[in-house]
Amino acid sequence: MNTKKQIFKSSGDIVNKMLGALSTLGLGFILGIQHAFDADHIAAVSTIISKNKSVRKSSLLGMLWGLGHTTALFFVGLIVLLFKTKIPEKLALSFELIVGTMLFILGINVLLTINKNKIHLHKHKHGSSEHIHFHSHKLTKHHPHKQIPFKQSLLIGVIHGLAGSAALTLLVLATVNSILL
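The sequence shown lines up with residues 1044 to 1224 when you count with this note's numbering.
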């Protein structure tokens, strides 16, 4: 009789642990989807992809940004759980400042690109004669501009993920008691 009770009790414990893990992961997924649409994420990704006309390249750049963001959160979370520590407030604020500065620079870059696309100056030579003329991309077919490479998109995502790591440790990791989970 005691054996049957122990079997049912241990089965119930396993089910409860599985349900707890699944609900934690489910809530994490839902909050992650909501987090993906935060204004700073939209701003970061839209500035990265704004120079591409290809949906495929833009999608890849966005996915790499997301991979970088997730990788940073994963490794910071792992360190916090393994060493049972938290991120110091000064370090968290430093990460936020770095991301804010990075978003500002990306925004300025977009504004400069928009301004350049309207009308800008070009200096060039024809033989020994050098001159300057106004130019608009709407008037010419081909004029290459530097685009954000894939590695840079990944790095921007990593840096952005570091800024969110303090909130991650406070909200999520405090409730998780299993490194595997």
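Just so you know, even glycine gets a beta-carbon here, dropped at the ideal spot from N, CA and C.
With a 10 Å radius around its C-beta and 16 neighbouring C-beta atoms as the bar for buried, classify residue i as buried or exposed.
| i | result |
| --- | --- |
| A1135 | buried |
| G1105 | buried |
| L1068 | exposed |
| L1149 | buried |
| A1082 | exposed |
| V1123 | buried |
| L1272 | Shown here, the chain extends from 1044 to 1224; a query on residue 1272 therefore has no answer. |
| I1130 | buried |
What would DSSP say about residue i, mapped onto helix, strand or coil?
| i | result |
| --- | --- |
| I1222 | coil |
| F1126 | helix |
| D1083 | helix |
| S1093 | coil |
| L1182 | Note on L1182: pLDDT 48, under 50, position unreliable in the model; the coordinate value appears next. Reduced to three states, the DSSP call for L1182 is coil. |
Which one or two residues does DSSP pair with residue i in a beta bridge?
| i | result |
| --- | --- |
| K1166 | I1175 |
Quick one: Cα of residue i to Cα of residue j, how far?
| i | j | result |
| --- | --- | --- |
| S1066 | V1088 | 29 angstroms |
| I1073 | L1107 | 21 angstroms |
| H1174 | K1100 | 36 angstroms |
| V997 | K1168 | Here the chain comprises residues numbered 1044 to 1224, so residue 997 is not present and cannot be evaluated. |
| T1113 | H1165 | 41 angstroms |
| Q1195 | T1128 | 30 angstroms |
| H1084 | N1095 | 18 angstroms |
| I1092 | G1111 | 15 angstroms |
Please look up how many angstroms separate the CB atoms of residue i and residue j, rounded, as I've assumed it's under 8 angstroms.
| i | j | result |
| --- | --- | --- |
| L1103 | F1193 | 7 angstroms |
So, is the C-beta of residue i closer than 8 angstroms to a C-beta in chain B?
| i | result |
| --- | --- |
| L1070 | Reference to chain B is not applicable here, since this structure consists of a single protein chain. |
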